[in-house]
Every structure is written in C-alpha cells, then in structure tokens.
Amino acid sequence: MIRVLLVDDQPLLRSGFRALLDLEDDIEVVAEAADGREGLALMERLRPDVALIDIQMPVMDGIEATRRIAADPALADVHVVMLTNYGMDEYVFDALRAGAAGFLVKDILPEDFLHAVRVAARGDALLAPAITRKLIDRYVALPLPARAGGSGLEALTSREREAVALAAHGLSNDEIADRLVISPATAKTHINRAMTKLHARDRAQLVVLAYESGLVTPRGA
Numbered sequence: 132m133i134r135v136l137l138v139d140d141q142p143l144l145r146s147g148f149r150a151l152l153d154l155e156d157d158i159e160v161v162a163e164a165a166d167g168r169e170g171l172a173l174m175e176r177l178r179p180d181v182a183l184i185d186i187q188m189p190v191m192d193g194i195e196a197t198r199r200i201a202a203d204p205a206l207a208d209v210h211v212v213m214l215t216n217y218g219m220d221e222y223v224f225d226a227l228r229a230g231a232a233g234f235l236v237k238d239i240l241p242e243d244f245l246h247a248v249r250v251a252a253r254g255d256a257l258l259a260p261a262i263t264r265k266l267i268d269r270y271v272a273l274p275l276p277a278r279a280g281g282s283g284l285e286a287l288t289s290r291e292r293e294a295v296a297l298a299a300h301g302l303s304n305d306e307i308a309d310r311l312v313i314s315p316a317t318a319k320t321h322i323n324r325a326m327t328k329l330h331a332r333d334r335a336q337l338v339v340l341a342y343e344s345g346l347v348t349p350r351g352a
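For the sequence shown, this note's numbering gives the first residue as 132, with consecutive numbering after it.
Below you can see the structure in the form of structure tokens.
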C-alpha cells in the first residue's frame, strides 16, 4: 500500500486529489495539511511514502518544508513531489535543489497523476515527462551559488558520467539505455552508482549536481 500525505492550502484541490487517490486499491491518503508546518508535523508522525506538497503556501512554503524533510534522516524514505501551477514554474529548480524528487503541474491528467504517485513511491524521480524536460531546460539557467569544493564527478566512470548527463536532460532509464546501447538494468545501475558516489538523495538531486557542476548546460543557455 502506497501511503500519501497531501499538503496544499486549497481545500478544493486537496479534495479532488484525495477523491482520485481513494479510488485506487494500492494507494491510501493518510492525512491532509494546509501548510508546510502542519505537513511537517504530520510527516514526522505518519512517515508517508509520498508527500504531495504545494510550492506556495502560507506559514511555511513547500520549498522550505522540502528542505527540512531532506535534512532529517528520519524522513529519508519520504519521497517529495511538488505541486505547481504553470504560473509558478520559476520555483521548480529551487524545489529540486531543496530535495524534491520531482514535480507535477496541477492540471495533470488523472491517469498521469496516478502513475506519477506510483513512480515516486518506488523511488524514481519525476524527470522524464516532456513537460518536465522543457521546464528543466528553461529554469536551470537561473543563477546558482557557487558549489563549495569539488563536484565529485571525478569519482564517476566515463559511462556513469554519460548516463548522468542524459538523465540531466530528462531521459528515463529506458531512453538512456537506448542512447548508450545498453540494457535498462545497466542504465539503472549506472545512475544508482552515480547517486551513491555523489551522495545524491535521489535522481532529482543527481540532476541538480550535474547542472551545478557544469557536466551539462541548459539547452539554449
């Protein structure tokens, strides 16, 4: 059973998401919260598999809540997926840098929303869909603070670096496998080993490291 926590300040949206999730036999909504602070308290008590968190909320916004989740070892198994409107896309990369496993736009199709929750629950980042690819390409060009020390990329093999670079452009493991002419299992192994070597919390953080280190640059930047 996939346990989900909904954190959004709009009751109507929470109700809609809950109604959709409650129809599924393998998903359970364990609680709802109207702001990040309330969501954090529930998270610490309930330890959901997936936390769907709105980016902009009163009291504590979704990005700050995500930072605190990522910093708490006790919440390491909580997969955070940010909810955003098209008008707030400038916050997407900040959310990924804060520790989110990915993000969804609020007008997503129901079947895609359910698929995304299941993807997040098994620990995969939501970085493959075309909409995400476009947003990453656009917003990773925002100025970032200089990283302290080395990037750690020297620890990667050449094949791992290739796989990370492709992941940073939004390719899924299957797409990486096709591009590198390897099996999907091998592509997943390269990504997992890179995450371990770079101490990345998840695939989204690995993508952030790839951009911040200069391994890849935004298309059109």
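Beta carbons: idealized from backbone N, C-alpha and C, even for Gly.
Where does the unbroken alpha helix (DSSP H) through residue i begin, and where does it stop?
i, result
"M174", "167-177"
"L154", "No alpha helix (DSSP H) contains L154, which DSSP labels as neither H nor E."
"S289", "289-299"
"I313", "Note, I313: premise wrong, no alpha helix (DSSP H); not H, not E."
"G283", "It is not in any alpha helix (DSSP H) - G283 carries neither H nor E in the DSSP assignment."
Identify whether residue i lies in helix, strand or coil by the three-state DSSP scheme.
i, result
"I239", "coil"
"G345", "coil"
"T320", "helix"
"T215", "strand"
"G233", "strand"
"P276", "Any answer about P276 is weak, because its pLDDT of 48 lies below 50 and its placement is not dependable; what the coordinates show is given next. The answer is coil: DSSP assigns P276 none of H, G, I, E or B."
"S146", "helix"
"A363", "This structure cannot speak to residue 363, because the chain is shown only from 132 to 352."
Using only alpha-carbon positions, find the residue among the options that is nearest to residue i.
i, options, result
"L114", "A196, F234, A229", "What is shown of the chain runs 132 to 352, which leaves residue 114 out entirely."
"L173", "L206, F224, L144, L240", "L206"
"V338", "G301, A318, I194", "G301"
"D203", "H330, L311, A150, E175", "E175"
"I186", "R178, G230, S344", "G230"
"R134", "E169, L183, A316, Q141", "L183"
"A286", "R324, S303, N304", "R324"
"A164", "A196, D156, I158", "A196"
"L245", "L340, E343, G345, D156", "D156"
"Y342", "L284, H210, K328", "L284"
Are residue i and residue j close, meaning C-beta to C-beta below 7 Å?
i, j, result
"D166", "M132", "no"
"V161", "L152", "no"
"D180", "A252", "yes"
"L137", "R145", "yes"
Per DSSP, which one or two residues make a beta bridge with residue i?
i, result
"V181", "V135, H210"
If I follow the unbroken beta strand (DSSP E) through residue i, where does it start and stop?
i, result
"V161", "158-164"
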